[in-house]
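Asker: So the sequence shown is numbered by this note's numbering: it starts at 24 and just counts up by one. Note that the Cβ used here is the ideal one computed from N, Cα and C, for glycine as well.
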Amino acid sequence: SSSSSYAVTAFVQGNCAIRSGAVNFGNIILPVTPSSAKAEGSLAVNCSAGLVYKVELDGGNYYLHPARRMKSDSGAAYLSYSLYKDKACSIIWGAGTADAKQGTGSGSEELIQICGKVIPAGNEITGLYNDVVTATIIW
């Protein structure tokens, strides 16, 4: 008789998923002030336990350095705003890789809090404003 051994191997890859929510400023009464125009939102991430990830936000559809902007439905005006990495609105969440928020997966869904503030320009007009920001998770 004769026998031979062979190796059995596998590589288990980690995985992440992201689910976005919304940041809704609701009704803002003119004149716009930083305290009158604050909103909260969140993203949900679910990454394999121990997997290091980062979440990037783009500048949105109407970004004009240094701020994101919402465009009015009439197309005649913009409303600048900033997003923050924390509920206290103290750590700005800029656009792109340099401002990514990092974390380590737990194997369960985790919420990442987002705070938003409108940046008053003093020339706001009435109407509905909106923008779309894309969140990307990288691992």
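With DSSP collapsed to three states, give me the class of residue 121.
Answerer: Residue 121: helix per DSSP, three-state reduction.
Asker: Leaving aside the five residues before and after residue 127 along the sequence, list all residues of the same chain whose C-beta is less than 6 Å from its C-beta, in chain order.
Answerer: 75, listed in sequence order.
Asker: Do you know offhand how far residue 67's Cα is from residue 131's?
Answerer: Each residue's Cα considered, the two are about 10 Å apart.
Asker: Alpha carbon to alpha carbon, what distance is there between residue 77 and residue 121?
Answerer: So the two alpha carbons sit approximately 10 Å from each other.
Asker: Out of 97, 44, 148 and 115, which has the shortest C-alpha to C-alpha gap to residue 104?
Answerer: Out of 97, 44, 148 and 115, 115 has the C-alpha closest to the C-alpha of residue 104.
Asker: Rounding to the nearest angstrom, what Cα-Cα distance links residue 44 and residue 135 in this structure?
Answerer: Taking the straight line from one Cα to the other gives about 10 Å.
Asker: Have a look at residue 138 and residue 36 and give me their C-alpha separation to the nearest angstrom.
Answerer: Cα to Cα, the separation comes out at about 32 Å.
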